[in-house]
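Each number in the working numbering comes from the position in the sequence shown (counting from 1) with 2 added on.
In what follows, a structure is listed as structure tokens, so that the remarks can point back to it.
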Amino acid sequence: MHRLLLASAAVLGITLASEARAGCAVTPLASLPIADTAHFLTLSGAIDGQAVSLLMDTGADTALITPEAAGRLNLAADPARVTQIIGTGGPAGISPHVLIGRLALGALAVEHLSAPLGALPAVPRVLPPVAGLLGADLLSRFDLDLDLPGRRMTLYAVAEAGSGGVPCATAVLPPWTGPFDTVALRRLGDRLIAPVRIDGEPASALIDTGARSILVSTQAASRLGVGPDQLATDAGGITGGVDLRDVSFHWHRFATLQIGTETIRNPVLTVSAFSEQADMLLGAPFFATRRVWLSYATGRMFIQRAAAAR
């Protein structure tokens, strides 16, 4: 659920094959098991030949490596690059970078990657240990078929057939059976924003698989008539982000949350202050019972509820 701003990064060495489909080349590059551990979404990979787990975080601007992992993996410093870290509470200082020679995700390899160092406030206890996270700077290079009910994520290259990477002018549909919704998205840098409705009122939602709940900003809640006095009667607690600042939150029951054609009734959403250009964070619990295709190439999200899949 955090945001990172990358001063500069270079991701080189991705080789794509082409397979024509309706005017577009839609090419599967890697299919990976994905785990949902208490709404931490983790993928297995390898950094410079050493096995690691990585959080999958579409809400983060860039990848992140923890200092502990950098030491364990013997990653060299990148003196040419730094990152301004911005967490839920705002700016939180400048972070140095480390160099990753090769990041392997299944059959996909990415070479010559520079990533900032930063602590993660919490990680799941998995093996191999979590070394950091994959952010939107890398994930946005692909279309993502995120199938949490099936415990698998597939990365696709999507471009006009034979164009050498030109975005598709024609619509791309996921190769699924059964009905699904289509939601138009807008870009915020490398990240994705979806239109939603909360209690019938229009709002914007950052697609944030790194958030462990579905969050509504205190400002958006106030516009909906849910102010501090009402929140004070709701249960809540304290959380934090990569800025390591404590942020209070409350769980509030809203009347409806509408995404595409689906209306979720009486959802209990987390209300908290966060530093984002969106009214809410559409976090991991939303994806837990749905198959979602995030098309960075065409600016669309396709949603299939588990009961609709065949």
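C-beta: ideal position from N, C-alpha, C; glycine also.
Only a predicted model underlies this, so the values are computations on that prediction, with no experimental measurement involved.
Counting along the chain, where does the beta strand (DSSP E) carrying residue i start and finish?
i: Ser291; result: It is worth fixing the name first, because residue 291 is Thr in this sequence and not Ser. Thr291 -> no beta strand (DSSP E), and no H or E assigned at all.
i: Gly134; result: Val132 to Leu136
i: Arg307; result: Arg302 to Arg307
i: Arg154; result: Arg154 to Glu162
i: Val125; result: Where Val125 is concerned, there is no enclosing beta strand (DSSP E), given that its DSSP letter is neither H nor E.
i: Ala117; result: Leu110 to Pro118
Under the three-state reduction of DSSP, which class applies to residue i: helix, strand or coil?
i: Arg104; result: strand
i: Glu1; result: An answer regarding residue 1 cannot be provided, because it is not within the stretch 3 to 312 covered by the chain.
i: Asp145; result: strand
i: Ser224; result: helix
i: Ala12; result: Low per-residue confidence applies at Ala12: pLDDT is 31, beneath 50, and the placement is therefore not dependable enough to give any value.
i: Leu34; result: strand
i: Leu271; result: strand
i: Leu77; result: coil
i: Leu150; result: coil
i: Leu296; result: strand
i: Leu2; result: The displayed coordinates of the chain run from 3 to 312. Any statement about residue 2 would go beyond what the structure contains.
i: Asn174; result: Contrary to the premise, residue 174 reads as Val rather than Asn in this sequence. Looking at Val174 - three-state DSSP - the assignment turns out to be coil, as it is neither helix nor strand.
i: Ser165; result: coil
State buried or exposed for residue i, treating a residue as buried only when at least 16 other CB atoms are found within 10 Å of its CB.
i: Ala24; result: Residue confidence is low: Ala24 scores 47 on pLDDT, short of 50, so the model does not pin down where it sits. Its coordinate-derived value is still stated next. Exposed, since its Cβ has fewer than 16 Cβ neighbours within 10 Å.
i: Leu296; result: buried
i: Gln306; result: buried
i: Ser142; result: buried
i: Gly47; result: buried
i: Thr156; result: buried
i: Pro176; result: buried
i: Val168; result: exposed
i: Ser215; result: buried
i: Gly212; result: buried
Check this for me: beta carbons of residue i and residue j, under 9 Å apart or not?
i: Ala159; j: Met303; result: no
i: Ala117; j: Gly191; result: no
i: Leu119; j: Leu101; result: no
i: Gly301; j: Ala186; result: yes
i: Ile240; j: Ala207; result: no
i: Gly108; j: Ser165; result: no
i: Gly152; j: Leu66; result: no
i: Val1; j: Pro98; result: Outside the displayed span of the chain (3 to 312) sits residue 1, for which this structure offers no information.
i: Ala299; j: Ala163; result: no
i: Thr220; j: Ala275; result: yes
My parser needs the beta strand (DSSP E) runs of 3 or more residues fully inside the stretch 39-74; what are they? 42-49 and 52-58
Identify every run of the alpha helix (DSSP H) within the stretch 184-261, keeping only runs that are complete inside it and at least 4 residues long; order them along the chain. 220-225 and 230-233
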